[in-house]
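Note that the protein sequences, when read in sequence, are chains L and V. So for the first sequence, my numbering puts the first residue at 54; every next one is plus one. So for the second sequence, my numbering puts the first residue at 54; every next one is plus one. From the three backbone atoms N, C-alpha and C, an ideal C-beta is built for every residue, glycine too. None of these values were measured; they are calculated from a predicted model. Note sheet for the following structure.
Number of protein chains: 2
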Amino acid sequence: MSEFRYNYLKDTWVIIATERSKRPHDYNVSIYEEPITDISKCPFEYGNEDKTPPEIFAIRPDGSNPNTPGWLTRVFPNRYPALRIENSPISEGYYIFDKKGGFGAHEVIVETPDHFKHIQDFDQQDFINMFITFRERIKSLYNDYRIKYIHIFKNHGKEAGKSLVHSHSQLIALPMIPKQPFTMILQSKKYFLEKERCYTCDEIKLESQLGERVIYENENFISYCSYASLYPFEIKIAPKYHRHDFSTITEDKMKDLADVMRFTVKKLDKTLINPPFNMVLYSAPPYRDDTINKEIFNHINNYFHWHIEILPRITTLAGFELGTDYYINPTPPEEAAKFLREVV
Amino acid sequence: MSEFRYNYLKDTWVIIATERSKRPHDYNVSIYEEPITDISKCPFEYGNEDKTPPEIFAIRPDGSNPNTPGWLTRVFPNRYPALRIENSPISEGYYIFDKKGGFGAHEVIVETPDHFKHIQDFDQQDFINMFITFRERIKSLYNDYRIKYIHIFKNHGKEAGKSLVHSHSQLIALPMIPKQPFTMILQSKKYFLEKERCYTCDEIKLESQLGERVIYENENFISYCSYASLYPFEIKIAPKYHRHDFSTITEDKMKDLADVMRFTVKKLDKTLINPPFNMVLYSAPPYRDDTINKEIFNHINNYFHWHIEILPRITTLAGFELGTDYYINPTPPEEAAKFLREVV
Numbered sequence: 054m055s056e057f058r059y060n061y062l063k064d065t066w067v068i069i070a071t072e073r074s075k076r077p078h079d080y081n082v083s084i085y086e087e088p089i090t091d092i093s094k095c096p097f098e099y100g101n102e103d104k105t106p107p108e109i110f111a112i113r114p115d116g117s118n119p120n121t122p123g124w125l126t127r128v129f130p131n132r133y134p135a136l137r138i139e140n141s142p143i144s145e146g147y148y149i150f151d152k153k154g155g156f157g158a159h160e161v162i163v164e165t166p167d168h169f170k171h172i173q174d175f176d177q178q179d180f181i182n183m184f185i186t187f188r189e190r191i192k193s194l195y196n197d198y199r200i201k202y203i204h205i206f207k208n209h210g211k212e213a214g215k216s217l218v219h220s221h222s223q224l225i226a227l228p229m230i231p232k233q234p235f236t237m238i239l240q241s242k243k244y245f246l247e248k249e250r251c252y253t254c255d256e257i258k259l260e261s262q263l264g265e266r267v268i269y270e271n272e273n274f275i276s277y278c279s280y281a282s283l284y285p286f287e288i289k290i291a292p293k294y295h296r297h298d299f300s301t302i303t304e305d306k307m308k309d310l311a312d313v314m315r316f317t318v319k320k321l322d323k324t325l326i327n328p329p330f331n332m333v334l335y336s337a338p339p340y341r342d343d344t345i346n347k348e349i350f351n352h353i354n355n356y357f358h359w360h361i362e363i364l365p366r367i368t369t370l371a372g373f374e375l376g377t378d379y380y381i382n383p384t385p386p387e388e389a390a391k392f393l394r395e396v397v
Numbered sequence: 054m055s056e057f058r059y060n061y062l063k064d065t066w067v068i069i070a071t072e073r074s075k076r077p078h079d080y081n082v083s084i085y086e087e088p089i090t091d092i093s094k095c096p097f098e099y100g101n102e103d104k105t106p107p108e109i110f111a112i113r114p115d116g117s118n119p120n121t122p123g124w125l126t127r128v129f130p131n132r133y134p135a136l137r138i139e140n141s142p143i144s145e146g147y148y149i150f151d152k153k154g155g156f157g158a159h160e161v162i163v164e165t166p167d168h169f170k171h172i173q174d175f176d177q178q179d180f181i182n183m184f185i186t187f188r189e190r191i192k193s194l195y196n197d198y199r200i201k202y203i204h205i206f207k208n209h210g211k212e213a214g215k216s217l218v219h220s221h222s223q224l225i226a227l228p229m230i231p232k233q234p235f236t237m238i239l240q241s242k243k244y245f246l247e248k249e250r251c252y253t254c255d256e257i258k259l260e261s262q263l264g265e266r267v268i269y270e271n272e273n274f275i276s277y278c279s280y281a282s283l284y285p286f287e288i289k290i291a292p293k294y295h296r297h298d299f300s301t302i303t304e305d306k307m308k309d310l311a312d313v314m315r316f317t318v319k320k321l322d323k324t325l326i327n328p329p330f331n332m333v334l335y336s337a338p339p340y341r342d343d344t345i346n347k348e349i350f351n352h353i354n355n356y357f358h359w360h361i362e363i364l365p366r367i368t369t370l371a372g373f374e375l376g377t378d379y380y381i382n383p384t385p386p387e388e389a390a391k392f393l394r395e396v397v
């Protein structure tokens with residue numbers, strides 16, 4: 054059973070993932086799984102639904118049965134989950150240390166039945182299907198009060214941690230709000246208490262006026278390279294209207310989001326020639342009866358602004374970043390945005 | 054001129070390194086520099102001292118002149134520094150954002166004149182020379198009151214960010230205490246205020262008694278896989294006696310440190326077959342007349358415990374780690390330690 058362990062000095066948690074347990078020779082061979090070139094062996098293909106755990110959700114416009122072909126997106130548990138819903142959520146002491154059972158969920162979201170279609174080739178409807186799937190999984194999982202935070206991300210390219218070629222995202226549902234989103238919540242709250250405004254609303258309004266870091270915008274959404282981008286060519290995509298919770302998005306607004314995503318990802322792909330990247334969704338956790346520290350999360354709907362980040366992996370995080378949590382970015386965001394804006 | 058920019062939501066700083074400025078095609082070619090196979094072209098060889106900026110420090114037992122052969126270790130400014138001592142340390146506002154001039158220092162520490170000798174081949178004296186060099190640079194740089202923190206690290210292997218093959222470490226001196234060491238200081242202080250004991254002293258005593266996560270120890274030093282290791286096969290090396298500041302180390306104690314380092318690095322190299330890793334030194338910043346937040350850093354000598362971390366880069370940091378600052382470690386530290394302890 055996997056477990057969480059608390060790193061006291063660095064004030065963060067690590068999942069010791071025994072389900073994925075690796076001995077030294079597992080690392081020696083290769084740190085990446087082989088891409089599957091024989092698509093009949095790919096577990097994410099039509100007809101191979103029995104090669105994955107049973108599906109949890111799928112978009113099936115033809116009304117086909119679960120675990121059969123006909124789906125446009127398909128969600129199932131990760132075969133080697135970092136966390137499991139069956140594990141204990143109990144917190145325990147161990148000498149001077151703290152640990153917790155590996156309770157949570159770890160799901161795979163296959164975004165297209167097409168083995169050869171990657172995110173830079175997605176059309177508007179592919180993005181809409183992907184976002185509907187994200188939304189439905191978030192809404193469903195937060196019904197379990199033991200789940201405090203849902204993290205959805207995509208690893209694109211092997212340098213970004215992708216292990217299977219067929220396009221997919223992952224969802225990890227956690228019994229705590231992780232360190233980074235927690236910091237973002239506290240910082241947003243600090244700004245709100247001082248100014249009675251949302252930080253991200255202010256940032257978006259300013260960037261839209263200045264223009265130099267903007268990549269693309271339409272009525273409801275904007276993509277830009279933020280002023281203090283930690284990674285070269287880092288991109289933020291956010292609604293221009295204030296909303297804390299991604300899962301409240303309507304199909305109408307989703308069209309504008311899909312439009313911005315499609316143009317932005319294509320521009321990134323052309324500018325850097327198919328770069329590896331991670332995509333991350335930040336959305337406010339629910340404010341519920343069981344929320345701990347109610348005084349912190351009170352009014353989270355006013356001060357948190359959901360958004361997506363695209364983090365290109367074209368430099369290597371090294372001893373500076375790993376040891377300080379500061380970053381070195383060799384491309385000023387305004388230059389990155391200019392390249393991205395101008396590429397055709 | 055490079056500059057620091059503050060990322061408000063993530064509460065961290067990024068160095069926008071214009072000296073290393075990269076346009077899209079710089080990333081397209083390769084994210085790593087080519088290893089130099091013709092050693093006559095390596096700027097870290099005897100006779101090539103004029104291919105680096107002038108040296109700042111060197112160990113020269115033969116009394117040879119600066120910038121000539123004869124050295125055992127040699128330190129000079131990075132040719133493409135992230136920070137410069139000539140840059141302004143001034144803090145400025147920019148609309149809603151905060152920035153600071155790129156003041157600091159960025160040095161290269163060549164640890165051996167031998168192009169083919171890597172850290173896993175270092176003998177006891179090589180390690181002693183390396184640590185003397187670290188110590189002397191730290192002592193010298195902290196004489197500049199504008200420098201608030203010195204970060205020394207080594208990138209070993211290209212997946213760990215190494216760009217030139219010849220063995221070297223880097224030193225970055227900063228005008229602020231970075232996020233991660235600052236957290237470690239605050240956490241150590243919290244523990245000390247509660248228990249009147251040093252957290253790391255307690256951890257070392259416990260691990261030494263339990264034994265299952267210990268790799269190697271002698272009279273004064275210990276190496277072990279810490280309970281909440283963020284990376285598989287992560288290793289901590291620390292003095293068994295309490296000391297906050299690495300730069301106070303005597304030559305006598307350094308022998309024991311070199312002994313632990315040599316055995317530990319060799320064991321890691323054998324167990325994982327020359328894995329890439331980052332090595333990081335954590336040492337308390339000085340408590341001086343100009344220290345800001347004196348009430349925080351008061352008694353830092355009592356509560357901070359200097360140590361070294363070795364972070365193997367055999368898994369890929371992906372969308373989970375980058376988006377949450379939590380970690381997934383697929384090898385329990387007690388298993389990693391067993392492999393490392395038993396390898397011959």
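The region 141-148 of chain L and the region 99-119 of chain L do not touch, with fewer than three beta-carbon pairs separated by less than 8 Å. Of the candidates L:His352, L:Trp359, L:Ser55, L:Glu388, L:His352 places its Cα closest to the Cα of Lys243 (chain L). Phe245 (chain V): member of the alpha helix (DSSP H) spanning 232-248, first to last residue. Within 8 Å of the CB of Arg58 (chain V), the CB atoms of chain L belong to Tyr280, Ala281, in sequence order along the chain.
Per DSSP, Gly154 (chain V) is one residue of the beta strand (DSSP E) stretching across 150-154. Note on Met54 (chain V): under 16 other CB atoms within 10 angstroms of its CB, so exposed under the neighbour-count rule.
Near chain L, meaning a CB-to-CB distance below 9 Å, the residues of the region 377-392 of chain V are Thr377, Asp378, Tyr379, Tyr380, Ile381, Asn382, Pro383, Thr384, Pro385, Pro386, Glu388, Ala389, Phe392. Secondary structure at Leu310 (chain V): helix, using DSSP grouped into helix, strand and coil. Rounded to the nearest angstrom, the gap between the Cα atoms of Lys201 (chain V) and Ala389 (chain L) is 31 Å. Closer than 8 Å to the CB of Glu256 (chain V) there is at least one CB belonging to chain L. Pro130 (chain L) has L:Glu160 as its beta-bridge partners, per DSSP.
Excluding residues up to 5 positions away in sequence, Phe350 lie with their Cβ nearer than 7 Å to the Cβ of Thr344 (chain L) in the same chain. For the pair Arg190 (chain V) and Phe129 (chain V), the Cα-to-Cα distance works out to about 11 Å. Within the DSSP secondary-structure output, Ser144 (chain V) pairs in a beta bridge with V:Lys153.
Distance from Phe184 (chain L) to Ala311 (chain L) at the Cβ level is roughly 7 Å; contact confirmed, criterion being Cβ atoms closer than 8 Å.
By the neighbour-count criterion, in which a residue is buried when 16 or more other Cβ atoms sit within 10 angstroms of its Cβ, Asp378 (chain L) is buried. The region 244-257 of chain L makes no contact with the region 221-235 of chain L: fewer than 3 CB pairs, one atom from each, lie closer than 8 Å. For chain L, the residues of the region 147-159 of chain V that bring a beta carbon within less than 8 Å of one of its beta carbons are Tyr147, Tyr148, Ile149, Phe150, in chain order. Burial state of Ile302 (chain L) is buried, judged by a 10 Å Cβ sphere holding 16 or more other Cβ atoms.
When only Cα atoms are considered, Ala70 (chain V) and Ala158 (chain V) end up about 13 Å apart.
Spatial neighbours of Ile112 (chain L) in its own chain (CB-CB distance under 7 Å, excluding positions within 5 residues in sequence) are listed in chain order as Trp124, Leu125, Thr126, Asn182, Ile185, Thr186. Taking all protein chains shown into account, His204 (chain L) has 16 or more neighbouring C-beta atoms within 10 Å of its C-beta and is therefore buried. At least one C-beta of chain L is nearer than 8 Å to the C-beta of Asp64 (chain V).
Within the same chain, and ignoring the five residues on either side of Asn354 (chain L) in sequence, the residues whose Cβ sits closer than 6 Å to its Cβ are His297.
Residue contact check for Thr317 (chain V) against chain L: no CB pair falls below 8 Å.
The residue among L:Tyr59, L:Asp255, L:Arg58, L:Asp64 with its C-alpha nearest the C-alpha of Thr236 (chain V) is L:Asp64. Residues of the same chain with a CB within less than 7 Å of the CB of Glu56 (chain V), apart from the 5 flanking positions on each side, are Ile69, Lys152, Lys153, Gly154, Gly155 in chain order. Only residues of its own chain outside the window of five on either side were considered, and among them none has a CB closer than 6 Å to the CB of Leu246 (chain L).
Counting only Cβ-Cβ distances below 8 Å, Val397 (chain V) has no contacts in chain L at all, with the closest Cβ about 14 Å away. With its beta carbon at least 8 Å from every one in chain V, Tyr99 (chain L) lies outside the interface. In this structure, Pro365 (chain L) and Phe316 (chain L) do not form a Cβ contact; the two beta carbons are roughly 16 Å apart against a cut-off of 8 Å. Flagged as an interface residue toward chain L: Tyr252 (chain V), by a C-beta distance shorter than 8 Å. Residues of the region 129-141 of chain V that bring their beta carbon within less than 7 Å of a beta carbon in chain L comprise Ala135, in sequence order. One alpha carbon belongs to Val333 (chain V), the other to Asp174 (chain V), and they sit about 19 Å apart. When rounded, the separation of the alpha-carbon atoms in Pro328 (chain L) and Ser220 (chain L) is 15 Å. For Ala390 (chain L), the uninterrupted alpha helix (DSSP H) run begins and ends at 386-395, by DSSP.
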